[in-house]
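One structure is given here, and the rest of the page talks about it.
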């Protein structure tokens, strides 16, 4: 989970996470325009704050690997799955989600890779405020869906644009999305045996 960079003084947050300055909305930067150096540092930027994406302990690392495994097997033709893909989320934000699915190829409207459509975050030590800020920024950028797996509570939640909050998904339900070849059992994001069963069915499909 990302942590604030040591030795960096952070400005106090504005009350309310949805406040914005008046004036015309500026065009979004291209998804591959960097505020941080990819692959040469662990830095990310969230709303102008530099944070460090720390190496993970087993609870986060194990769950991240499982999500990659399940979602990669379910990715529909014409889409690609990535891990830790840096995205320029906004003017002051340049960070990666744990797992993401996007359309393959180059978007002719931007001459850059396509934006993620479906993204996943594994939340272990990260605060609810931090993951919520990321969800708000991703939604504002245009990422269609963000799913969070909360390791300590065993909950799976989806960010709701309409309600501006996290909504719990039923563990016995499924995640259905156009980027996936078949619906994914929610429990497969948490349970290793269920993950194996889902991957087998996805490969058959």
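Residue numbers (our numbering): 3 to 207.
Glycine residues also receive a C-beta, built at the ideal position from the N, C-alpha and C atoms.
Because the structure is a prediction, the values reported are computed rather than measured.
{"Asked": "First and last residue of the uninterrupted alpha helix (DSSP H) at residue 69", "Found": "60-76"}
{"Asked": "Residue span of the alpha helix (DSSP H) that contains residue 133, given as start and end", "Found": "130-143"}
{"Asked": "C-beta atoms of residue 141 and residue 161 nearer than 8 Å", "Found": "yes"}
{"Asked": "Closest residue to residue 174 among 157, 181, 183 and 163 (Cα-Cα distance)", "Found": "157"}
{"Asked": "Those residues which DSSP pairs with residue 92 across a bridge", "Found": "95"}
{"Asked": "CB contact check: residue 85 to chain C, cutoff 8 Å", "Found": "Within the model displayed, chain C is absent; a lone protein chain is all it includes."}
{"Asked": "Three-state class that DSSP yields for residue 87 in the structure shown", "Found": "strand"}
{"Asked": "Collapsed DSSP secondary structure at residue 104 in the structure displayed", "Found": "strand"}
{"Asked": "Straight-line gap, residue 178 to residue 147 (C-alpha atoms, nearest Å)", "Found": "11 Å"}
{"Asked": "When 207, 171, 185 and 138 are compared against residue 151, the one with the closest alpha-carbon", "Found": "171"}
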